[in-house]
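Beneath this line is the structure, given in structure tokens, with notes to follow.
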Amino acid sequence: MKHRSVLFVIAVLVLSLAIIPAASAETIKIGAILAVTGPASFLGGPEARTLEMLVEQTNAAGGINGQKVELIIKDSGANPEKAISFAKQLIEEEKVVVVLGPSTSGETMKIKKIFEEAGTPLVSCAAAEVIVNPVAQYVFKTPQKDSYAAQKIFETMKTLGISKIAVLAGNTGFGKAGKEQLIKLAPEMGITVVEAEVYDAKSTDLSAVVAKIKANKDVQAVVNWSIVPAQAIVAKNMRQAGWDVPLFQSHGFGNIKYVEAAGAAAEGIIFPAGRLLVAEQLPTGHPQKALLMEYIAAYESKYKEAASTFGGHAYDAYIVAKAAIEKAGTDKAKIRDEIEKIKNLPGTGGIFSFTADDHNGLDIDSFEMITVKDGQFVPYKGM
Amino acid sequence: MSVELFVQYLFAGITYGAIYAIVAIGFNIIYNTTGIINFAQGEFVMLGGMISISLLPFMPLYAAIALAVLMTMLFGALLEICFIRWLESPGVLRMIIITIGLSILTREAALHLWGESIRSLPYFIGDEITTVAILGARISPQVLWVIAVCGLMVLFLSVFFQATSVGREMKACAANRRAAILCGINTRNMVTLSFMLSAGIGALAGCVMSPITSSGYDIGTGLAIKGFTVAILGGLGNSMAAVGAGLLLGILEAFSISVVPLAFKDAIAITILLLILFVRPHGLFGSSTAAGLKEF
Chain A
1 MKHRSVLFVI AVLVLSLAII PAASAETIKI GAILAVTGPA SFLGGPEART LEMLVEQTNA
61 AGGINGQKVE LIIKDSGANP EKAISFAKQL IEEEKVVVVL GPSTSGETMK IKKIFEEAGT
121 PLVSCAAAEV IVNPVAQYVF KTPQKDSYAA QKIFETMKTL GISKIAVLAG NTGFGKAGKE
181 QLIKLAPEMG ITVVEAEVYD AKSTDLSAVV AKIKANKDVQ AVVNWSIVPA QAIVAKNMRQ
241 AGWDVPLFQS HGFGNIKYVE AAGAAAEGII FPAGRLLVAE QLPTGHPQKA LLMEYIAAYE
301 SKYKEAASTF GGHAYDAYIV AKAAIEKAGT DKAKIRDEIE KIKNLPGTGG IFSFTADDHN
361 GLDIDSFEMI TVKDGQFVPY KGM
Chain B
384 MSVELFVQYL FAGITYGAIY AIVAIGFNII YNTTGIINFA QGEFVMLGGM ISISLLPFMP
444 LYAAIALAVL MTMLFGALLE ICFIRWLESP GVLRMIIITI GLSILTREAA LHLWGESIRS
504 LPYFIGDEIT TVAILGARIS PQVLWVIAVC GLMVLFLSVF FQATSVGREM KACAANRRAA
564 ILCGINTRNM VTLSFMLSAG IGALAGCVMS PITSSGYDIG TGLAIKGFTV AILGGLGNSM
624 AAVGAGLLLG ILEAFSISVV PLAFKDAIAI TILLLILFVR PHGLFGSSTA AGLKEF
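If you want it as structure tokens, here you go:
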């Protein structure tokens, strides 16, 4: 009796050994490092949910080239140290063919080198320009460049006759990079930055700093550059201080939850963003319209929450990776080459055309200036 | 510095300060009856805000707040009954680790329950852009709410500890536990009560501050650190000193912005904590002989 059970165990072991590699050989492993929790969860949450939904759709439709996709999401909590260890784990242990994410620029910059050395493509969902400038062989990103965002903001300011501004930024990678871009580009556009302050990403009240910049009577407009919930707090504190200069935000404002958090104080905020937020108002026949409407409908019916541009960045990262894998199979170096060859691929952020020098693939027209009216995002059409 | 700017900084400082003071008082109430620091104190503030936001669709604002405070008090009592009550003379270190564990547990449970998004209660009066002018400075009426509610809580607590028999029994536990037992006071129930009390005031603070600062599952830790700093600054166990220390820290933080960049705000709080621990470990308002008698 005992003999037989031992034999049985051995048989099971042998069988499982035979089955496991066979099963895994048939799936394509895609990794994702996203800030699902923590201060950047506004980004990572929708991104993770978007990827799960897309992978489900792909697998339901038969996978990529007949192979099922296996998605491995790691929650970094926006912590660069965690992102580093997850990057190594995904590359070395899980042997994924491509990694999507991270959600934040700070994390992406920390793990850039690891992907270069391992020769694994990384398609980041973070926005800072430094991620792809200078170009790293294996690192791509889907959100629009922050220099384009800064340019768009300055162009709008000029139409309003604004020349002296205050800059506020969160102390995240995205905030710091944005502040640098604003200060660098301002003189070229004939704009002077008279006040610049950086605040902690976890700040819950900024009324003191608002009081400080408000005391400078030269300030004609404020630009706030962050991805954290403090965006809503800046708006509230400014309006509470009875200060009604125009408030510009970065493309990090593209989540309707920030508008809800700021309530009446969000009215009139102007910011550049992808067309996802105003998909319904796009003219029929716009190359992005059908895709945006489809994504928004699928996301909102599945998760019962409004789609945001951040989920869109993950959507774009996924379709870019998928398009490359369809041509290259599971060879990591070939996938990289195929991403560079992608031309005119419509995504949520714009129409992607990558080249060897441009690992972002979007131009300035991918941005639309958007404002908040009655708690909704609408295209900005002058004051 | 103009009068207007001065008043603006002052109100910002008093708002932070009042909230820090309430968290510090929560620390002190539990410290007094048990001799431990309850690092889950910040989570009570978080729970107050989050529960009231969840209840809001079903009932009027003030009812939601009242129910949220009651539920958080119940939660505080449950924590004590399940994890602390049955321990026989636990060591300080063990208790600290238990409360840190409870804090992490609560936070993770909140993450699964409410998700990662930030929410807030509506403003009690007006909305996000309503302002009141005081000496040329403009502040939100909610700031006045925070200051008034925190002030009333402090008043209520001091009356409670001075004038009611339950309050005096709790004070007796704090002064000498064994003597209190000999006088027939059920010290275990007093400990449960102290957890309920500090959970209740934390939750109420969490509700009134929610419109200004927003509530999220992870706001507890930051508040606990600030509240701890204030409790140490005032002298552990001294609730009235915590009010002074809280306002002092809040105002210092607010005014520091006019001299050093905003990003250094938290560094200032931590620097003060370290300085106090080195120079006056018994706190600004505490006495060193009294501190010498305490376990830590």
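From first to last, the protein sequence lines are chains A and B. Heads up: the first sequence is residues 1 to 383, going by my numbering. Heads up: the second sequence is residues 384 to 679, going by my numbering. Even glycine gets a Cβ: it sits at the ideal position worked out from N, Cα and C.
Contact belief for residue i with residue j at Cβ below 8 Å, rounded distance in angstroms
i: A196/A; j: V167/A; result: 4 Å
i: G459/B; j: F427/B; result: 6 Å
i: A78/A; j: T104/A; result: 5 Å
i: L438/B; j: A447/B; result: 4 Å
i: A652/B; j: T612/B; result: 5 Å
i: N360/A; j: V132/A; result: 5 Å
i: S523/B; j: Q240/A; result: 4 Å
Closer than 7 Å to chain A by CB, residue i
i: T489/B; result: no
i: A646/B; result: yes
i: S523/B; result: yes
i: I512/B; result: yes
i: A407/B; result: no
i: Q391/B; result: yes
i: E426/B; result: no
i: L496/B; result: no
i: T416/B; result: no
i: T612/B; result: no
Backbone CA spacing between residue i and residue j [nearest angstrom]
i: P246/A; j: A266/A; result: 11 Å
i: G161/A; j: T513/B; result: 28 Å
i: T192/A; j: K164/A; result: 5 Å
i: A201/A; j: T604/B; result: 14 Å
i: V198/A; j: E552/B; result: 49 Å
i: L635/B; j: G396/B; result: 7 Å
i: V643/B; j: P121/A; result: 42 Å
i: L277/A; j: A126/A; result: 18 Å
i: P134/A; j: E92/A; result: 26 Å
i: Y303/A; j: G31/A; result: 22 Å
i: L43/A; j: F543/B; result: 46 Å
i: D205/A; j: A230/A; result: 8 Å
i: I483/B; j: V475/B; result: 12 Å
i: S24/A; j: T330/A; result: For S24/A, the predicted model reports a pLDDT of 47, less than 50, meaning its position is unreliable; a value from the coordinates is still stated below. Going from the Cα of S24/A to the Cα of T330/A covers about 13 Å.
i: F86/A; j: A401/B; result: 41 Å
i: P143/A; j: Q281/A; result: 21 Å
i: P655/B; j: K609/B; result: The question names Pro, yet the displayed sequence has Ile at residue 655/B. C-alpha separation (whole angstroms): 11 Å.
i: A435/A; j: F352/A; result: No information on residue 435/A is available, as it lies outside the stretch 1 to 383 that chain A covers here.
i: G62/A; j: A321/A; result: 17 Å
i: G347/A; j: G274/A; result: 10 Å
i: L587/B; j: S593/B; result: 10 Å
i: I64/A; j: H313/A; result: 20 Å
Residue span of the alpha helix (DSSP H) that contains residue i, given as start and end
i: E260/A; result: I256 to A262
i: I602/B; result: Unbroken run through I602/B: none, as it is neither H nor E.
i: K236/A; result: A230 to Q240
i: P46/A; result: S41 to A60
i: A446/B; result: L444 to L462
Minimum Cβ-Cβ distance from residue i to chain B less than 7 Å
i: S308/A; result: no
i: T50/A; result: no
i: Y199/A; result: yes
i: A209/A; result: Note that residue 209/A is Val in the sequence shown, not Ala. Yes, V209/A counts as interfacial toward chain B.
i: T27/A; result: no
i: K205/A; result: In the sequence on display, residue 205/A carries Asp and not Lys. With 7 Å as the cut-off, D205/A counts as an interface residue toward chain B.
i: A388/A; result: The structure shown has nothing for residue 388/A, since chain A only spans 1 to 383.
i: R239/A; result: yes
i: N171/A; result: yes
DSSP-derived helix/strand/coil call for residue i
i: V222/A; result: strand
i: T371/A; result: strand
i: F253/A; result: helix
i: Y399/B; result: helix
i: D146/A; result: helix
i: A507/B; result: Sequence inspection shows Phe at residue 507/B; the Ala mentioned does not correspond to that position. Residue state, collapsed to three classes: coil.
i: S85/A; result: helix
i: S353/A; result: coil
i: L540/B; result: helix
i: S577/B; result: helix
i: E26/A; result: coil
Residue range of the unbroken beta strand (DSSP E) whose run includes residue i
i: R521/B; result: A520 to I522
i: F310/A; result: Per DSSP, F310/A belongs to no beta strand (DSSP E); it is in the alpha helix (DSSP H), T309 to A328.
i: V210/A; result: That residue, V210/A, is in no beta strand (DSSP E); its alpha helix (DSSP H) goes S207 to K214.
i: L362/A; result: Element bounds for L362/A: n/a, residue is neither H nor E.
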